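Residue numbers (this note's numbering): 1064 to 1414.
Here is the structure we will look at.
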Amino acid sequence: MAARRRSKRFAPGTCAALLSAGLALACGRPVAAPEAYQRTLHRFQRCAPDDPVPPTPPSELPPKLAETPPDVARVFFASRLALPMDRQPTPEEAVGILTRLVVLRSELAAGGAYIDCLDDSIEAVHRELLDRSNQNELYLTLGSIGVGAASATAQGILEVSEPDAPAAPILGITGGVAAAVLGAAAFLWPVPTVWLDHEVNVLRSVWTGEDSGGLTPFVWRLLLAPRPSSGEAPRTALKRRWEALLDGETAERRRELELLLFGDGGRYDLHALQLRETMLDHIETEVDLMNHEFQTLAELITRYLEISAAAAQPPPEPTAPTEAPPERPAPTEAPLERPAPTEAPPAPTAP
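The structure is reproduced here in structure tokens:
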């Protein structure tokens, strides 16, 4: 009887321990990366092929574009457009220049679309991981409430049925401890993580200054070209902003984040995902500014080509006035003659 009563006495504590272990196993597991993120990395291994333009940037602006703003002129030098300096462009050259503008615009659009797609994928992973963390916290909180309520109810029933039973206080203590453990785990349980691979890492390209893929050649040249208004290249400005984001971390944690963010991949938590998403937003903003500057340059060059085409056209030759032949009067039709009315024959008279 003693052994049987002892087993009944510790049964509530055993159930609470099993419930705690089950909730613990259900929480904190790593989340697999969504397929959309993996498809994005494989689809945009390279936004554009190698640049077929010779690596010889122009040394100066054409005279008619000398008043171009300095930041827009920077885009012109990075575009490697070949404009004649001492003469008007021929129609064939004008067509080639316009074609080159279309290619450069497509490179900017491809780079912006790639960064935007990566940003959306990281945002989706971050949202999924955050939902998983909130779900874990909810389950642990509900488990704590349930264990506490169940132990209190069982203790009350046991005290009513057997007032002198020694199992009632033990049951209350066990249930209280289990509820406290689950409640503390709701706040102290480690957040779930996700493993991401990014062999083509645009953040690494910006951080190290070496093109490791993912960005079009035109976008990469614009990242390295200093902007006259600020006196530094966009890549330098981006790296300075990212260093400011990492300054709040400890030395060891900063080294881990640098290896994770600028390496080939690893296990991301919510904080690391937020940092990567913020850095991608910085690049996307910079590409949008490049697109605005390029649009201004394209309008100036298009206007320059229109002026050149108008100036290249010879003036019309004067022609001798010719007298118009005299107008011949339109023939008039003669009016139709109406037949004269005929008299009716006299009526016959009676004899």
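We treat Cβ as the ideally placed atom computed from N, Cα and C, and that holds for glycine.
A quick note: this is a predicted structure, and the numbers were derived from the prediction, not measured.
In terms of CA proximity to Y1177, L1266 leads the group G1294, R1137, L1266, L1287.
When S1214, A1361, S1169 are compared, the shortest CA-CA separation from P1280 is found for S1169.
In this structure, DSSP gives V1257 an extended state, which the three-state scheme calls strand.
C-alpha of R1330 to C-alpha of L1320: approximately 10 Å in a straight line.
Put simply, of E1156, D1344, L1338, R1143 the residue whose alpha carbon is nearest the alpha carbon of E1369 is E1156.
With fewer than 16 other Cβ atoms inside 10 Å of its own Cβ, A1212 counts as exposed.
The three-state reading of DSSP puts R1330 in strand, counting E and B together. The beta-bridge partner set that DSSP reports for R1318 is empty. The Cβ-Cβ distance between L1324 and L1338 falls below 8 Å. By the CB criterion at 8 Å, L1336 and H1189 fall inside the cutoff.
Annotated as distal: V1257 and V1350, with beta-carbon spacing of 8 Å or more. Residue pairing by DSSP puts R1290 in a beta bridge opposite E1295. Note on T1131: 16 or more other CB atoms within 10 angstroms of its CB, so buried under the neighbour-count rule. For E1340, the three-state secondary structure derived from DSSP is helix. In the structure shown, the three-state DSSP call for M1148 is coil.
Using a C-beta cut-off of 8 Å, the region 1132-1140 makes contact with the region 1281-1299, since at least three inter-stretch Cβ pairs fall below that distance. CA-CA distance, V1165 to Q1358, rounds to 11 Å. Secondary structure of A1157 (DSSP, three-state): helix. Contact between G1328 and D1260 holds, with the beta-carbon distance rounding to 4 Å and staying under 8 Å. DSSP, read as helix, strand or coil, puts F1325 in coil. The three-state reading of DSSP puts N1264 in coil, since its state is none of H, G, I, E or B.
Per DSSP, S1142 is one residue of the alpha helix (DSSP H) stretching across 1133-1142. Annotated as distal: Y1367 and L1193, with beta-carbon spacing of 8 Å or more. Here DSSP, grouped into helix, strand and coil, assigns G1276 to coil.
Taking every protein chain shown into account, the CB of T1313 has fewer than 16 other CB atoms within 10 angstroms, so this residue is exposed. Close CB contacts of L1278 within its chain, under the 8 Å cut and outside five residues either way in sequence, are with C1110, G1174, Y1177, V1265, S1268, L1286 (chain order). By the CB criterion at 8 Å, P1125 and M1148 fall inside the cutoff. The closest CA to that of G1326, considering only L1181, W1270, T1153, L1167, is found on W1270.
Leaving aside the five residues that flank L1146 on each side, the residues in its chain whose CB is nearer than 6 Å to its CB run, in chain order, P1125.
CA-to-CA, the gap between E1306 and V1263 works out to about 21 Å. In the three-state scheme derived from DSSP, where H, G and I count as helix and E and B as strand, D1179 is classed as helix. Around the beta carbon of I1208, fewer than 16 other beta carbons lie within 10 angstroms, which makes this residue exposed. Distances from the alpha-carbon of K1302 to those of I1185, G1272, A1215, T1216 put G1272 closest.
Burial state of P1226 is exposed, judged by a 10 Å Cβ sphere holding fewer than 16 other Cβ atoms.
Pairing A1217 with D1182, the inter-Cα distance amounts to about 52 Å.
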